[in-house]
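Colleague: Residue numbers (my numbering), protein chains in the order written: chain A, 107 to 275; chain B, 107 to 275. Where a beta carbon is used, it is the ideal one built from N, C-alpha and C, also for glycine.
There are 2 protein chains.
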Amino acid sequence: MEVTVLRLGHRISRDKRMTTHLGLTARAFGAHKMIIEGEHDSHLSESIGAVVGAWGGGFRIEYTDGWRKTLKDFDGVKVHLTMYGLELNKKIGEIRGLERDVLVVVGGQKVPSEMYGLVDYNISVGTQPHSEVAALAVFLDRLFDGREFDKKFHGGKLIVPQERGKKIV
Amino acid sequence: MEVTVLRLGHRISRDKRMTTHLGLTARAFGAHKMIIEGEHDSHLSESIGAVVGAWGGGFRIEYTDGWRKTLKDFDGVKVHLTMYGLELNKKIGEIRGLERDVLVVVGGQKVPSEMYGLVDYNISVGTQPHSEVAALAVFLDRLFDGREFDKKFHGGKLIVPQERGKKIV
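Written out as structure tokens, the structure is:
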């Protein structure tokens, strides 16, 4: 199962750190790539590229000019994370059980209402307002059932978990 | 069990959105309050206050001038989230089993190395770089074992989960 994250409505001035955190979270929690819709952000691509270079694995950033086409062309299950959707706890088993590639759509400021009809699932990670980074992390953690932390990132630095202090090999 | 989040090194210019997302994530995932160390940010307090006003519950923001004193005065388990710590999957059962109040320390840019020795647990939510928002969300989700989504926020709007579209009562 490969996971792609689609980030909608990226604006450099407002979102540069938030979308960077989304990309790093996508990578760390087992996604293969993030597709950005909105402004082309070379600084963001570079800073995520630098993390991939240092920490390994094959995660990559792509851009799209049309999210409708990205959705249409995707061969797999399309999941839109929204506080208005069906509850994660009730639906994650069903989604996992499909054993297909997953496209996770994460909104920006305003998600077009059309989106709700074009995906297979609208899923809420809690029905309270919080953060797209939190929603993505918890969704992927449940999707991979905690096993995303065992994923190997080839060619990168490796942390050896410590009770106190830091150890990198 | 009450959970407090301690956010270190807040700087308005750099962190305003990230710390807002941390606060909203803390609230949505069941924490009672967030204590901010760093710059006093009235805009942040207001925007989180507005969410509490609209969506209910008693979450609040406080400030501290000294994180050492906040740690020292806290009566409960102190957990520092860091990619260098012991693995979440291996330790969360033990932490939950203590059945005590929890202080979750979330770093800013540079966490003083002293911190690692002053807490009860250094815990890694994955050993890859990602986001303090993601780390906090997944830690709290595991701590409350997914039941944080059943929490009632009294006096606020309520979302009724929908397959398509939005429903608020």
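By the criterion of Cβ-Cβ separation under 8 Å, what are the contact partners of A:Asp247 in chain B?
Modeller: What A:Asp247 touches in chain B: Val244, Asp247.
Colleague: So, B:Trp161 versus B:Phe255, is the Cβ gap smaller than 8 Å?
Modeller: No, the pair does not count as a contact, with Cβ atoms beyond the cut-off.
Colleague: What residues in its chain sit with their C-beta under 6 Å from that of B:Ile133, if we drop five residues either side in the sequence?
Modeller: Note that residue 133 of chain B is Arg in the sequence shown here, rather than Ile. Here the set comprises Phe165.
Colleague: Could you name the residues of chain B that A:Ala134 contacts, counting a contact when the two beta carbons are closer than 8 Å?
Modeller: Residues of chain B passing the Cβ test: Gly232, Gln234, Pro235, His236, Ala240.
Colleague: List the residues of chain A that B:Leu130 touches, going by C-beta distances under 9 Å, in chain order.
Modeller: Those are Gln234, Pro235, His236, Ser237, Ala240, listed as they occur along chain A.
Colleague: As a quick exercise: from A:Ile229, A:Phe245, A:His186, A:Ile265, pick the residue whose alpha carbon is nearest that of A:Phe135.
Modeller: Of A:Ile229, A:Phe245, A:His186, A:Ile265, the residue nearest in Cα terms is A:Phe245.
Colleague: Leaving out the 5 sequence neighbours to the left and right, which residues in its chain are closer than 7 Å to B:Ala243 when beta-carbon positions are compared?
Modeller: Answer for B:Ala243: Thr131, Phe135, listed in chain order.
Colleague: In the segment 147-170 of chain B, which residues sit with their C-beta less than 7 Å from some C-beta in chain A, listed in chain order?
Modeller: Per Cβ criterion, the list reads Val157, Trp161.
Colleague: Kindly confirm or deny that the segment 109-129 of chain A and the segment 142-156 of chain A touch, where touching means at least three C-beta pairs closer than 8 Å.
Modeller: At 8 Å Cβ cutoff, the stretches touch.
Colleague: If you follow the alpha helix (DSSP H) that A:Lys178 is in, where does it begin and where does it stop?
Modeller: Counting along the chain, the alpha helix (DSSP H) containing A:Lys178 begins and ends at 173-179.
Colleague: In angstroms, rounded to a whole number, what distance separates the CA positions of B:Lys216 and B:Val275?
Modeller: So the two alpha carbons sit approximately 43 Å from each other.
Colleague: Cα separation between A:Val183 and A:Met107?
Modeller: Cα-Cα distance, rounded: 11 Å.
Colleague: List the residues of chain B that A:Pro267 touches, going by C-beta distances under 7 Å, in chain order.
Modeller: What A:Pro267 touches in chain B: Gly191, Leu192, Glu193, Ser230, Thr233.
Colleague: Quick check: is the beta carbon of A:Met124 nearer than 8 Å to any beta carbon in chain B?
Modeller: Judged by the 8 Å Cβ criterion, A:Met124 is in contact with chain B.
Colleague: Where does A:Ser151 fall in DSSP's three states?
Modeller: Here A:Ser151 sits in helix by DSSP.
Colleague: Does DSSP put A:Ser230 in a helix, in a strand, or in coil?
Modeller: Strand, per DSSP.
Colleague: Say whether the segment 218-235 of chain A touches the segment 183-202 of chain A, bearing in mind that this needs 3 or more beta-carbon pairs closer than 8 Å, one atom from each stretch.
Modeller: In short, these stretches touch, since the Cβ pair count reaches three.
Colleague: Should B:Val266 go down as buried or exposed, given a rule of 16 or more other Cβ atoms within 10 Å for buried?
Modeller: Classification for B:Val266: exposed.
Colleague: Applying the criterion that 16 or more other CB atoms from any shown protein chain within 10 Å of the CB defines a buried residue, is B:Glu238 buried or exposed?
Modeller: Its Cβ being crowded by 16 or more others within 10 Å, B:Glu238 is buried.
Colleague: Can you tell me whether DSSP reads A:Glu254 as helix, strand or coil?
Modeller: Of the three classes helix, strand and coil, the one that applies to A:Glu254 here is helix, per DSSP.
Colleague: Taking the alpha carbon of A:Met124 as the point to measure from, which residue in A:Phe180, A:Gly199, A:Val212 has its own alpha carbon closest?
Modeller: Here the closest residue by C-alpha is A:Val212.
Colleague: Assign B:Ala241 to buried or exposed, taking buried as 16 or more other Cβ atoms, counted over all protein chains shown, within 10 Å of its Cβ.
Modeller: B:Ala241 comes out buried.
Colleague: Of the residues B:Lys272, B:Gln268, B:Lys263, B:Tyr190, which one's Cα is nearest the Cα of B:Gly163?
Modeller: Of B:Lys272, B:Gln268, B:Lys263, B:Tyr190, the residue nearest in Cα terms is B:Lys263.
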